[in-house]
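Engineer:
Numbering (the numbering used here), first residue to last: 58 to 246.
(1) If you measure between the beta carbons of residue 181 and residue 193, is that distance less than 9 Å?
(2) Might you give, ordered along the chain, the residues of its own chain that have their beta carbon closer than 7 Å to the beta carbon of residue 149, omitting 5 neighbours on each side?
(3) Leaving out five residues on either side along the sequence, give the residues of the same chain with a beta carbon under 7 Å from the beta carbon of residue 106.
(4) Starting from residue 90 and walking both ways along the alpha helix (DSSP H), at which residues does that stretch end?
(5) Thinking just about the alpha-carbon of each residue, which of 99, 208, 203 and 195 is nearest to the one in residue 186?
(6) Under three-state DSSP, which class holds residue 200?
(7) Output the distance between the C-alpha atoms of residue 243 and residue 86, rounded to the nearest integer angstrom.
(8) Is residue 178 closer than 9 Å to residue 224 when the C-beta atoms are compared?
(9) Is the distance from the Cβ of residue 4 to the Cβ of residue 211 below 9 Å?
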């Protein structure tokens with residue numbers, strides 16, 4: 058009987074000891090994120106693209122075109138230059154696109170990346186109870202309109218969903234950084 062109680066106690070302690078704790082953001086992290094969103098001055102650099110997996114993308118995995126460790130649902134963008142920058146009322150972006158395009162973007166459509174350069178529309182930024190921000194806006198490229206939803210976290214991670222009217226949606230995960238007000242082009246580290 059004593060052995061049984063001892064085993065139950067040990068298992069209980071191990072089970073409780075292995076529980077993960079919730080990481081809270083520091084007040085400095087929350088203040089930095091608040092400042093970036095309020096000033097509309099930040100750059101998002103993505104580490105992974107998460108396209109909608111279709112039969113066509115699954116065929117890529119079978120053909121062994123993807124790099125080792127990647128799959129059709131998660132493609133590494135590390136060492137692949139990309140960014141989405143909001144600076145005041147202007148937006149610029151150069152995001153690689155992996156997925157299916159439903160309608161061609163015209164002649165010479167060899168560049169299928171998602172590129173914005175100009176003003177955005179219907180911008181809204183909402184602070185959530187967990188100190189994250191949900192930012193929504195519409196942006197246009199030369200031949201397509203996009204709905205963009207960005208979630209920014211106090212630990213400066215980001216998640217972004219881009220829905221185009223001529224292509225399947227894609228998500229990106231990465232990091233957000235403030236823009237140096239003196240140069241206005243160089244992200245802060």
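Quick reminder that beta carbons are idealized off the backbone N, C-alpha and C, glycines included.
Structural biologist: Looking at the coordinates:
(1) Judged by beta-carbon spacing, residue 193 lies within the 9 Å limit of residue 181, meaning their Cβ atoms are closer than that value.
(2) Excluding its 5 nearest sequence neighbours in each direction, residue 149 has C-beta neighbours in its own chain below 7 Å: 142, 173 and 174, listed in chain order.
(3) Here the set comprises 132, 134, 153, 155, 227 and 229.
(4) Where residue 90 is concerned, the enclosing alpha helix (DSSP H) stretches over 84-96.
(5) Answer by Cα proximity: 208.
(6) Note: residue 200 maps to coil in three-state DSSP.
(7) In this prediction, residue 243 has a pLDDT of 47, which is less than 50 and means its spatial position is unreliable; nothing more can be read from the coordinates.
(8) Contact: no.
(9) The chain is shown only over 58 to 246; residue 4 falls outside these bounds and no answer can be derived.
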